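Heads up, the thing below is written out as structure tokens.
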Amino acid sequence: MAAPLDPHATQSDLERALCLELRRQELPHAHRSLHFRVRLERGEAHYDPSLVVPRGEILFLIEPLAVSGASEAVPEILTRFLDQHSEEIVLIVVAPRAAAGSLPPDSYDEVYLEDEIHRVVRRIRDQDPHGMVEPFRKTRPS
19 MAAPLDPHAT
29 QSDLERALCL
39 ELRRQELPHA
49 HRSLHFRVRL
59 ERGEAHYDPS
69 LVVPRGEILF
79 LIEPLAVSGA
89 SEAVPEILTR
99 FLDQHSEEIV
109 LIVVAPRAAA
119 GSLPPDSYDE
129 VYLEDEIHRV
139 VRRIRDQDPH
149 GMVEPFRKTR
159 PS
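Numbering follows this note's numbering, with no gaps: position 54 of the sequence shown is 72.
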């Protein structure tokens with residue numbers, strides 16, 4: 019009999035840190051539990067958000083970009099994903115300063131630096147599950 023898969027298996031140190039903080043703040047979440055097809059300019063891509071955090075009618079997707087210089091396809095996939103999917107989804111990117119600063123604003127709903135993990139999770143926890151999503155002011159980290 020095969021050993022059960024770890025429901026909190028992670029693919030990077032940044033994802034692991036986010037998972038630990040979500041657990042510490044007692045926010046239910048799942049890893050790569052949703053699967054989307056995203057239409058691109060040429061063809062389509064599969065997108066499996068790293069962390070899925072339901073909050074009432076709002077679904078937070080957290081995408082940790084652990085290294086600067088991640089695949090150039092990532093911003094296009096994220097941008098087109100946001101164009102094509104529900105407004106009840108909030109896509110949060112967490113990344114090192116260099117990577118966060120180079121992301122086009124259309125490729126995320128909210129962006130945080132890798133040292134702001136506590137802030138990211140607190141923001142989700144504080145979201146009223148039945149309320150409107152608080153607007154996020156998009157500024158590039160300096």
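C-beta atoms are modelled at their ideal positions from N, C-alpha and C, and glycine is treated no differently.
Because the structure is a prediction, the values reported are computed rather than measured.
For GLU106 against LEU77, the beta-carbon gap comes to about 6 Å, under 8 Å, which counts as contact. Checking the DSSP bridge columns, you'll see ARG57 partnered with GLU62.
Taking GLU134 as reference, the option from ASP144, TYR126, PRO114 and GLU62 with the minimal CA-CA separation is PRO114.
Shown here, ARG50 sits in coil according to DSSP, grouped into three states, outside any helix or strand. The three-state secondary structure of ALA84, taken from DSSP, is coil.
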